[in-house]
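Visitor:
Protein chains: 2
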Amino acid sequence: MARTQGSHAEITGPKIRTEALRLFAESGYAAVSMREIARAVGVQAGALYNYTPDKQALLFSLLKGHMDDLAEALSALPRAAAPMERLQTFVHFHIAFHLERPQAVFIAYMELRNLTPENFAVIEAQRRDYETGLEEILRAGMATGAFSVPDSKLATLAIIAMLTGVTTWYRPGGRLPLKAVQDRYWDLTRQMVTA
Amino acid sequence: MARTQGSHAEITGPKIRTEALRLFAESGYAAVSMREIARAVGVQAGALYNYTPDKQALLFSLLKGHMDDLAEALSALPRAAAPMERLQTFVHFHIAFHLERPQAVFIAYMELRNLTPENFAVIEAQRRDYETGLEEILRAGMATGAFSVPDSKLATLAIIAMLTGVTTWYRPGGRLPLKAVQDRYWDLTRQMVTA
DNA sequence: GTCTATATCACGATAGAC
DNA sequence: GTCTATCGTGATATAGAC
Numbered sequence: 001m002a003r004t005q006g007s008h009a010e011i012t013g014p015k016i017r018t019e020a021l022r023l024f025a026e027s028g029y030a031a032v033s034m035r036e037i038a039r040a041v042g043v044q045a046g047a048l049y050n051y052t053p054d055k056q057a058l059l060f061s062l063l064k065g066h067m068d069d070l071a072e073a074l075s076a077l078p079r080a081a082a083p084m085e086r087l088q089t090f091v092h093f094h095i096a097f098h099l100e101r102p103q104a105v106f107i108a109y110m111e112l113r114n115l116t117p118e119n120f121a122v123i124e125a126q127r128r129d130y131e132t133g134l135e136e137i138l139r140a141g142m143a144t145g146a147f148s149v150p151d152s153k154l155a156t157l158a159i160i161a162m163l164t165g166v167t168t169w170y171r172p173g174g175r176l177p178l179k180a181v182q183d184r185y186w187d188l189t190r191q192m193v194t195a
Numbered sequence: 001m002a003r004t005q006g007s008h009a010e011i012t013g014p015k016i017r018t019e020a021l022r023l024f025a026e027s028g029y030a031a032v033s034m035r036e037i038a039r040a041v042g043v044q045a046g047a048l049y050n051y052t053p054d055k056q057a058l059l060f061s062l063l064k065g066h067m068d069d070l071a072e073a074l075s076a077l078p079r080a081a082a083p084m085e086r087l088q089t090f091v092h093f094h095i096a097f098h099l100e101r102p103q104a105v106f107i108a109y110m111e112l113r114n115l116t117p118e119n120f121a122v123i124e125a126q127r128r129d130y131e132t133g134l135e136e137i138l139r140a141g142m143a144t145g146a147f148s149v150p151d152s153k154l155a156t157l158a159i160i161a162m163l164t165g166v167t168t169w170y171r172p173g174g175r176l177p178l179k180a181v182q183d184r185y186w187d188l189t190r191q192m193v194t195a
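So the sequences go chain by chain: A and B. Just so you know, the first sequence maps onto residues 1 to 195 in full-length UniProt numbering. Just so you know, the second sequence maps onto residues 1 to 195 in full-length UniProt numbering.
(1) B/Ala-161 and A/Ala-161 look like a contact to me (Cβ under 8 angstroms); what is the Cβ gap, rounded to whole Å?
(2) If you measure from the beta carbon of B/Leu-62 to each beta carbon in chain A, is any gap under 9 angstroms?
(3) When DSSP labels each residue in this structure, what does B/Ser-75 get in the three-state scheme?
(4) State yes or no: is the beta carbon of B/Tyr-185 nearer than 9 angstroms to at least one beta carbon in chain A?
(5) Work out the CA separation of A/Ala-71 and A/Leu-48 for me, nearest whole Å.
(6) With the cut-off set at 9 angstroms, would you say A/Leu-157 and A/Glu-136 are in Cβ contact?
(7) How many Å lie between A/His-92 and B/Met-192 at the Cα?
(8) Counting only beta-carbon separations shorter than 9 angstroms, does A/Arg-113 have a partner in chain B?
(9) Give every residue of the same chain whose Cβ lies closer than 7 angstroms to the Cβ of B/Leu-112, excluding the five residues on either side of it in the sequence, and list them in chain order.
(10) If you reduce the DSSP assignment to three classes, tell me which class A/His-8 lands in.
(11) Determine the DSSP secondary structure at A/Leu-176, reduced to helix, strand or coil.
(12) Over what stretch of residues does the alpha helix (DSSP H) that includes B/Arg-127 continue unbroken?
(13) Could you say which of A/Asp-68, A/Thr-18 and A/Ile-16 lies nearest to residue 204 of chain A if we only look at CA atoms?
(14) Can you look up A/Arg-113 in the DSSP assignment and give me helix, strand or coil?
(15) On the premise that A/Leu-62 lies in contact with A/Arg-17, defined as a C-beta separation below 8 angstroms, what is that separation, rounded to the nearest angstrom?
(16) Taking the CB atoms as reference points, tell me whether A/Thr-167 and A/Phe-90 lie closer together than 9 angstroms.
(17) Let's see if you can read the secondary structure: which residues bound the alpha helix (DSSP H) around B/Leu-157?
(18) Taking the straight line between their C-alpha atoms, what separation do you get for B/Tyr-51 and B/Leu-23?
(19) Helix, strand or coil for A/Val-54 per DSSP?
(20) Is residue 196 of chain A buried or exposed, if buried means 16 or more other CB atoms sit within 10 Å of its CB?
(21) Does chain A have any CB closer than 9 angstroms to the CB of B/Gly-42?
(22) Could you spell out the range, first to last residue, of the alpha helix (DSSP H) harbouring B/Thr-99?
(23) Using the beta-carbon count (16 or more within 10 Å), is B/Met-1 buried or exposed?
(24) Starting from A/Val-41, follow the alpha helix (DSSP H) in both directions and report where the run begins and ends.
(25) Answer yes or no: do A/Gln-103 and A/Ala-31 have a C-beta to C-beta separation smaller than 9 angstroms?
(26) Taking the alpha carbon of A/Ala-76 as the point to measure from, which residue in A/Gly-174, A/Phe-60, A/Gly-133 and A/Thr-12 has its own alpha carbon closest?
(27) Please state the DSSP three-state secondary structure of A/Gly-65.
(28) Is the Cβ of A/Ala-102 closer than 9 angstroms to any Cβ of chain B?
(29) To the nearest angstrom, report how far apart B/Ala-143 and B/Val-41 are at their CA atoms.
(30) Taking all protein chains shown into account, do 16 or more other C-beta atoms lie within 10 angstroms of the C-beta of B/Ile-159, making it buried, or fewer, making it exposed?
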């Protein structure tokens, strides 16, 4: 009953995004052709242009969706009273979120330079907003005396770089389960921000 | 007296490497054409093949040279007696080395997937060797009781990710001079590894 | 919505003159 | 060592049939 033609919008649309994300993460935006995406989806190259005006818009859409997810998840975190608990929540959240979607995280880092300047500005602003979320926790902890962090901006960038680095080595089924990774990064983070 | 032909090997060879490094860092290996490199160097595309068998070998040569420089600089560090001093030296060194050559650092991270499997294995082994250099410092500090780091492998990766992250935001002439950046990252690192 | 076919252009790499 | 010219291939994107 397999059809080689006809309408499959409900399947094709999401599948284009899934396969493009996978291929961009594996080989890089510039190295992946529209023909290659089409082959993975199971359509001809021309059919992709029913779903995206061009390749650049497809990349931007994937990155924008990822950053939107991140912002939404961050805003949904519980606002515990104490900065120490808020920081612990953030550390656990950041690691889990990033390990759950390694492909999106990878292209959000690697393919920024393949965005047009306008699209880059949008994503970069979202990244700064996310960083500000952590910085506010650090500043709150400074105010209560819970943390000892002379330069909250630098510490914010240091912590995010340290935590995001987990995506470069973590593999499901590896030496440490997710929970252990979260706990150990939290130990390191806690020691780092307390005198 | 400008010549448009003739031999310029002593100029062209290094210039190809400089321009290729710059262009790969700016736009990515896959997005840069041999014609583009040739234009930046001031020769025709065909002339590049007097210096490299192909584009892949050019990329590998740049990455290999960078990793060789890193290994050589690491081995030249003073072997201070105390792990605390050795770690401080490492932190200052790692930051200075990486900030001195942002383009090479960038492509050493971003273009690994554009290496052939054989070339990738070579670079990856060098990266592991470098990480081992830090891990040995941490283990030495554990042995003397100077450090409190339950998982030296994870702490190694966390520290390197944190320190290398400086390349994503540091700009010469910015808010903090190099020395201040080194000192603040050392403060964070020291707090992180001591209980 | 998908297909086939194609316009237009650029790519990596090579050959042979100088 | 560099040039010009080119081979063979594949890229993005579009047009029009179904």
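Note that beta-carbon positions come from the ideal geometry of N, C-alpha and C, so glycine has one too. Nothing here was measured: the structure is a model prediction, and the numbers come from that model.
Guide: By the coordinates alone:
(1) Indexing the second sequence from 1 puts residue 161 of chain B at position 161. Indexing the first sequence from 1 puts residue 161 of chain A at position 161. Yes, B/Ala-161 and A/Ala-161 are in contact; Cβ-Cβ is about 6 angstroms, under 8 angstroms.
(2) By one-based count along the second sequence, residue 62 of chain B stands at place 62. It does not: the Cβ of B/Leu-62 has no partner Cβ on chain A nearer than 9 angstroms.
(3) In the second sequence, the residue the question calls residue 75 of chain B occupies position 75. Of the three classes helix, strand and coil, the one that applies to B/Ser-75 here is helix, per DSSP.
(4) Mapped onto the second sequence, residue 185 of chain B falls at position 185. With 9 angstroms as the cut-off, B/Tyr-185 counts as an interface residue toward chain A.
(5) Counting from one through the first sequence, the residue named residue 48 of chain A turns up at place 48. Counting from one through the first sequence, the residue named residue 71 of chain A turns up at place 71. Going by the C-alpha atoms only, they are around 29 angstroms apart.
(6) Locating residue 157 of chain A in the first sequence gives position 157, where the first residue counts as 1. Locating residue 136 of chain A in the first sequence gives position 136, where the first residue counts as 1. No; because the gap between Cβ atoms is not below 9 angstroms, this pair is not in contact.
(7) Along the first sequence, one-based indexing puts residue 92 of chain A at 92. Along the second sequence, one-based indexing puts residue 192 of chain B at 192. Computed Cα separation, rounded: 17 angstroms.
(8) For the purposes of this step, residue 113 of chain A is taken as the residue at position 113 of the first sequence. Closer than 9 angstroms: yes.
(9) The count along the second sequence starts at 1 and reaches residue 112 of chain B at position 112. Cβ neighbours of B/Leu-112 beyond the five flanking positions: Phe-120 and Ile-123.
(10) As a first step, residue 8 of chain A must be located in the first sequence, where it is residue number 8. Residue state, collapsed to three classes: coil.
(11) Taking the first sequence and counting its residues from 1, one reaches residue 176 of chain A at position 176. It is coil, neither helix nor strand.
(12) The residue given as residue 127 of chain B occupies position 127 in the second sequence. Segment 117 to 144, the alpha helix (DSSP H) holding B/Arg-127.
(13) The requested residue 204 of chain A is not part of the displayed model; chain A covers only 1 to 195.
(14) Locating residue 113 of chain A in the first sequence gives position 113, counting from the first residue. Helix.
(15) The residue given as residue 17 of chain A occupies position 17 in the first sequence. The residue given as residue 62 of chain A occupies position 62 in the first sequence. Rounded, the Cβ-Cβ distance is 6 angstroms, consistent with contact.
(16) By one-based count along the first sequence, residue 167 of chain A stands at place 167. By one-based count along the first sequence, residue 90 of chain A stands at place 90. Going by C-beta atoms, A/Thr-167 is not nearer than 9 angstroms to A/Phe-90.
(17) Your numbering for residue 157 of chain B matches position 157 in the second sequence. Residues 152 to 164.
(18) For the purposes of this step, residue 51 of chain B is identified with residue 51 of the second sequence, where counting begins at 1. For the purposes of this step, residue 23 of chain B is identified with residue 23 of the second sequence, where counting begins at 1. Computed Cα separation, rounded: 17 angstroms.
(19) To locate residue 54 of chain A, count along the first sequence from 1; it is residue 54. One detail in the question is off: residue 54 of chain A reads as Asp in this sequence, not Val. Note: A/Asp-54 maps to coil in three-state DSSP.
(20) Outside the shown range of chain A, which is 1 to 195, sits residue 196 of chain A, and nothing can be said about it.
(21) The sequence position of residue 42 of chain B within the second sequence is 42, counting from 1. No, B/Gly-42 does not count as interfacial toward chain A.
(22) Taking the second sequence and counting its residues from 1, one reaches residue 99 of chain B at position 99. First, the amino acid is wrong: residue 99 of chain B is Leu here, not Thr. B/Leu-99 -> alpha helix (DSSP H) spans 83 to 100.
(23) Here residue 1 of chain B refers to the residue found at position 1 of the second sequence. Unreliable placement is indicated for B/Met-1, whose pLDDT of 41 sits below 50; the coordinate value is still reported in the next sentence. Classification for B/Met-1: exposed.
(24) Here residue 41 of chain A refers to the residue found at position 41 of the first sequence. Taken as a continuous stretch (DSSP letters only), the alpha helix (DSSP H) holding A/Val-41 covers 34 to 41.
(25) On the first sequence, residue 103 of chain A is found 103 positions in, with the first residue counted as 1. On the first sequence, residue 31 of chain A is found 31 positions in, with the first residue counted as 1. No; because the gap between Cβ atoms is not below 9 angstroms, this pair is not in contact.
(26) If you number the first sequence from 1, residue 76 of chain A lands on position 76. Comparing Cα positions, the closest option is A/Gly-133.
(27) Here residue 65 of chain A refers to the residue found at position 65 of the first sequence. Note: A/Gly-65 maps to helix in three-state DSSP.
(28) Stepping through the first sequence from its first residue, residue 102 of chain A is reached at position 102. Checking the sequence shown, residue 102 of chain A turns out to be Pro, not Ala. Output row for A/Pro-102: interface = no.
(29) The residue you call residue 143 of chain B lines up with position 143 of the second sequence. The residue you call residue 41 of chain B lines up with position 41 of the second sequence. Cα to Cα, B/Ala-143 sits roughly 53 angstroms from B/Val-41.
(30) For this step, residue 159 of chain B is matched to residue 159 along the second sequence. Burial call: buried.
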